[in-house]
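Engineer: Shown below is the structure under consideration.
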Amino acid sequence: MAQILTALSAIFEFKMLFFIFGGTALGIAVGALPGLSATMGLAVVLPLTFYMAPAEGIIILLGMYVGALYGGSFSAILLNIPGAPPAVMTSLDGYPMAKRGEAGRAIGISTLSSFIGGILGVVCLIIIAPILAKFALKFGPPEYTLLAIFGLSAIVAVASTSLLNGFVGITIGLLLATVGMDPFTSVPRFTFDRPELMSGVSYVPIVIGMFGLTEVLTQSLEMSSTGMAIQKVKKIIPGKNDLKKIFRRFLPSSIIGVLIGILPGAGGTIASIISYNQAVQMSDEPERFGSGIPEGVIAAESANNAEVGGSLVPLFTLGIPGSSPAAILLGALMIHNLTPGPMLFIEQRTLMDTIFIALIVSQFALLLVGLLMAKAAPYIISTRKQIMLPIIALLCVIGSYALQNSYLDVGIMMIFGVVGFILREFGIKPPPIILGLILGPLAENNLRSTIEISDSGLIVFLTRPICVVLLILITLVIVFPIWQKKSKGRKKV
Amino acid sequence: MNREGPFKKKIIKNKALFSGCCLLAFSAYLYYLISQFPDTAAEYRTISPSFFPYVLATVLAALSLLLIVEGWRAPVGSILSLDLNQKETYRTGALLLILIIFSFLLTTLGFIVDAFLFMVSIQLLLGERRFVVLIPVALAVSLGMYFIFATLFKVPLPMGVWVD
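Same order as they appear, the protein sequences are chains V and L. Per the working numbering, the first sequence starts with residue 3, numbered consecutively. Per the working numbering, the second sequence starts with residue 1047, numbered consecutively.
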């Protein structure tokens, strides 16, 4: 109880509230701009958090995460272009509403749905995370090895269009993680006799390069503006009928969002797609979906914001990010020497309470700031690329430099920006590479520990119950998309 | 007359085949690098430091072969989506070049001047021609970022040759 009170008093200081509201507002602006994503925004801001206290740095990133997922609905509704990938389902009904002159109504419904879904997601996080953390105390090296493999397999299966390319991305990421001194024998690996590489490749510049600079280079190939007339936004506050619809619809959508968020690699896009499809199936008038009905916006937005809480469950308890933005948050924890897992809830209880309370306050910030920014939404989303792209490029350079005042980090950022651009040409996307880089040490160190301490070698993976469950999950996660693709191919024939 | 040899034509048949071949060559290079790891202290451990990298190199080689098979079966396609005849491709290259130059000049010119020149040049490159927009935006961004990074977050940014 004392820790909760300490956390409450920390949150309601002016500086913390500034970071929460500021982070949320920045996230909304990032999410609203087509072409920018929550992951990119978090990647670029990540190095700044190095100069902050752990609570402040993580809170500002969480605010951005919450804001960006909601902000994507602005351009989805006004332009039919999702500002962030999870807003793709919002545009199906949000844009038709805007075309009828109800842009303000759609944004108001989106705001309230995101708020309520987000609150439910955080409540689920607060309930589930400590339970899962206690359970994770039973994990040993074999369990952590398979957990890392499960996280990597899940992101390939869910986040990659091609399984092969996804596994190539993960392997590249795992190889990058082996650069530096071997933790068991101090033997230098892939260092090319360079002292700067002895401690490994720095994660943050790679993230900024692959999510930030790659996007700038990709977007500079296509500079055309939307050319669309943007709706004025009026009458934002939802009426009584819309409020009834929101309260009727938010619970199943939010639960879907939380459950999908817990799955490593799934993310807000999958959550909003599944929630929307479920809403269509459960509706008495499914044919009306897509014509501009509030239920479509509610289903999409409740789910994609509830997903935030869900994705933080495996992140904080097991160190496995539930989404790409959560992978960036994992980087933030690493920067501040915080190891996710059960010990985080024991040794850093006050910090975790502060984060949980900050997440709830972020939802209120989303509601307040979102409604205030709604009127300015047309001006935000019409920011020209000629201004936006150089600012992002500048942030990439300064962010990389600021971490250690090192030009090496700037160089790494640029190299991986170009590498990410080239790999994207061949269908190899950044998330599997980054996850391989993050989870590589977890996988390798625990695999080697398992083999060294176990008398039965690799058979130990079949003798421990949690390992058997994880093996089954890994198999399902890899086999299911292959089976799905084959059955789709058969249906076409 | 088609001057491409049959071998080259087959390798660049499509993206999967090309990337598979490149990755296979990379895997072979990885095997060479791993074989060069010092083996001191490895004898005292059950698992040597080269175990995991060898596993990964083997996995990469296997994936490359699968990509090659996939590419061999797939129809002919372009290797790159980039059109080297389009000015947009060169514009992207120029953006990267300016970014590299900007990074090199950061210590000499200092952050504010360097960022200002960077913003002006990139906006011009990307098609902004109105100086009433170019200059104020460049000024606001360079000064604003300096304020945020150096003053608020206390990040030590280079001041250049202008300041002792």
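For each residue, glycine too, the CB sits at the ideal point set by N, CA and C.
Considering Cα atoms alone, identify which of L71/V, M54/V, I61/V and E58/V is closest to G29/V.
Structural biologist: L71/V
Engineer: Closest by CA to S155/V, which one among R351/V, K488/V, I129/V and I476/V?
Structural biologist: I476/V
Engineer: Does any C-beta atom of chain V lie closer than 8 Å to the C-beta of P1084/L?
Structural biologist: yes
Engineer: Using three-state DSSP, classify M54/V as helix, strand or coil.
Structural biologist: In the structure shown, M54/V falls within a coil segment according to DSSP collapsed to helix, strand and coil.
Engineer: In whole angstroms, what separates the C-alpha of A111/V from that of I257/V?
Structural biologist: Checking the displayed sequence, the identity of residue 111/V turns out to be Ile instead of Ala. So the alpha carbons of these two residues sit roughly 18 Å apart.
Engineer: Checking 8 Å against the spacing of the C-beta atoms, do L94/V and A379/V come in under that value?
Structural biologist: no
Engineer: To the nearest angstrom, how far is it from the Cα of P327/V to the Cα of G25/V?
Structural biologist: 14 Å
Engineer: Hey, which unbroken runs of the alpha helix (DSSP H) at 4 residues or more fall wholly within the region 193 to 243 of chain V?
Structural biologist: 205 to 209 and 216 to 221
Engineer: Give the single residue among M1165/L, V1101/L, I1146/L and F1162/L whose Cα lies nearest to the Cα of A1074/L.
Structural biologist: V1101/L
Engineer: List the whole-angstrom C-beta distance separating P98/V from T92/V, where the pair is believed to meet the contact cut-off of C-beta under 8 Å.
Structural biologist: The pair is not a contact, with the Cβ atoms about 11 Å apart (cut-off 8 Å).
Engineer: Looking at chain V, which residues of the region 1097 to 1112 of chain L have a Cβ within less than 7 Å of any of its Cβ atoms?
Structural biologist: F1098, P1099, L1102, V1105, L1106, L1109 and L1112
Engineer: Classify P344/V as buried or exposed, calling it buried when 16 or more other Cβ atoms lie within 10 Å of its own Cβ.
Structural biologist: buried
Engineer: Of all Cβ atoms in chain L, is any one closer than 8 Å to the Cβ of S201/V?
Structural biologist: S201/V has a beta carbon lying at 8 Å or more from every beta carbon in chain L.
Engineer: Can you tell me the Cβ-Cβ gap for A2/V and G96/V, rounded? I've got them flagged as a contact below 8 Å.
Structural biologist: The structure shown does not extend to residue 2/V, since chain V is modelled only from 3 to 495, so the question has no answer here.
Engineer: Within a Cβ cutoff of 6 Å, which residues of the same chain sit near I295/V, ignoring the five residues on either side of it in sequence?
Structural biologist: D95
Engineer: Are the CB atoms of E1134/L and L444/V nearer to each other than 8 Å?
Structural biologist: no
Engineer: Quick check: the Cα distance between P87/V and V1207/L, rounded to an integer number of angstroms?
Structural biologist: 44 Å
Engineer: Which residue marks the beginning of the alpha helix (DSSP H) containing V462/V, and which one marks its end?
Structural biologist: V462 to T465
Engineer: Assuming V412/V contacts G214/V (C-beta within less than 8 Å), just tell me the rounded distance between them.
Structural biologist: Contact flag wrong, Cβ pair sits at about 12 Å.
Engineer: Since S283/V meets chain L, which of its residues come closer than 7 Å, beta carbon to beta carbon?
Structural biologist: Per the sequence shown, the amino acid found at residue 283/V is Gln instead of Ser. Neighbours of Q283/V on chain L: none; closest Cβ ~35 Å, over 7 Å.
Engineer: Got a sec: which bits of the region 178 to 198 of chain V sit with their beta carbon under 8 Å from any beta carbon on chain L, in order along the chain?
Structural biologist: T180, D184, F186, T187, S188, V189, P190, R191 and F192
Engineer: Please identify the residue among C398/V, F366/V and Q388/V whose C-alpha is closest to the C-alpha of A27/V.
Structural biologist: F366/V
Engineer: Quick one: give me the first and last residue of the alpha helix (DSSP H) that L1143/L is part of.
Structural biologist: K1133 to L1155
Engineer: Kindly indicate which three-state DSSP category M345/V falls into: helix, strand or coil?
Structural biologist: helix
Engineer: If you draw a straight line from the alpha carbon of S1149/L to that of Q350/V, how long is it in whole angstroms?
Structural biologist: 39 Å
Engineer: If we ignore side chains and look at the alpha-carbon of each, how far apart do V90/V and L425/V end up?
Structural biologist: 25 Å
Engineer: Counting only beta-carbon atoms, is L176/V nearer than 8 Å to chain L?
Structural biologist: Taking Cβ atoms only, chain L reaches closer than 8 Å to L176/V, which makes this a yes.
Engineer: Looking at the secondary structure, which residues open and close the alpha helix (DSSP H) in which G298/V lies?
Structural biologist: P296 to L320
Engineer: Please name the residues in the region 1154 to 1185 of chain L whose beta-carbon is closer than 7 Å to at least one beta-carbon of chain V, in chain order.
Structural biologist: A1161, F1164, M1165, I1168, Q1169, L1172, G1173, E1174 and V1183
Engineer: Could you please give me the residues that DSSP links to P190/V through a beta bridge?
Structural biologist: Per DSSP, M183/V.
Engineer: Are three or more beta carbon pairs between the region 170 to 182 of chain V and the region 9 to 16 of chain V nearer than 8 Å?
Structural biologist: The answer is no - the region 9 to 16 of chain V does not touch the region 170 to 182 of chain V, with fewer than three Cβ pairs under 8 Å.
Engineer: Is R1119/L helix, strand or coil when you go by DSSP?
Structural biologist: helix
Engineer: Buried or exposed: T147/V, going by 16 or more other Cβ atoms within 10 Å of its Cβ?
Structural biologist: buried
Engineer: Report yes or no: do three or more beta-carbon pairs, one from the region 299 to 315 of chain V and one from the region 250 to 264 of chain V, lie closer than 8 Å?
Structural biologist: yes
Engineer: Show which residues of chain V have a CB atom less than 7 Å away from the CB atom of I1250/L.
Structural biologist: Here chain L covers residues 1047 to 1210 and nothing more, so residue 1250/L does not appear.
Engineer: Is M212/V near F418/V, with beta carbons less than 8 Å apart?
Structural biologist: yes
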